[in-house]
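Here the structure is laid out as structure tokens; the discussion comes afterwards.
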Amino acid sequence: MPTIYRPKKQTNNYTATKVLAQKHIYNTKHWKTLRLSKLMNDPLCEICLINGMITPAVEVHHITPFMQGTSLEQIKFLGFDYDNLQSLCTDCHKQQHNK
15 MPTIYRPKKQ TNNYTATKVL AQKHIYNTKH WKTLRLSKLM NDPLCEICLI NGMITPAVEV
75 HHITPFMQGT SLEQIKFLGF DYDNLQSLCT DCHKQQHNK
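Just so we're aligned: the sequence shown equals residues 15 to 113 in our numbering.
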């Protein structure tokens, strides 16, 4: 029976770097406690409050995306900066990412 050679799956280097950086942020105990403290301090969606609505916040959004950092140190700084976080409802979070 002949051997079938398949080409290796090509990976995008940017995607691999992005996934690695996201793991350095989102899979840490520090992020989980920071996220929980943000939701406890600001339990309502910040955008809905500006628009005069009261909606519970369920997600935490980075105002400045941490992937804009050029080094791992900058990525971690932007990822763990409390002042760079925003408590949002699901709809507002989707709208922020669709801009």
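By construction, the Cβ of each residue, glycine as well, lies at the ideal position given by its N, Cα and C atoms.
Bridge partner(s) assigned by DSSP for residue i
| i | result |
| --- | --- |
| Ser101 | Val74 |
| Leu58 | Pro70 |
Closest residue to residue i among the options (Cα-Cα distance)
| i | options | result |
| --- | --- | --- |
| Phe94 | His76, Arg20, Thr84 | His76 |
| Arg49 | Lys108, Leu99, Leu58 | Leu99 |
| Cys103 | Gly83, Pro21, Thr69 | Thr69 |
| Ile39 | Thr84, Phe91, Asp105, Lys113 | Phe91 |
| Pro57 | Val72, Lys43, Lys46 | Val72 |
| Lys52 | Ser101, Thr84, Cys62, Arg20 | Ser101 |
| Gln110 | Trp45, Cys59, Tyr96 | Cys59 |
| Trp45 | Tyr96, Cys106, His107, Lys113 | Tyr96 |
| Leu63 | Met15, Thr17, Cys106, Tyr19 | Cys106 |
Residue i in three-state terms, based on DSSP
| i | result |
| --- | --- |
| Met81 | helix |
| Thr42 | coil |
| Ile64 | helix |
Take every Cβ of the stretch 72–88, pair it with every Cβ of the stretch 30–41, and state whether three or more of those distances are shorter than 8 Å.
yes
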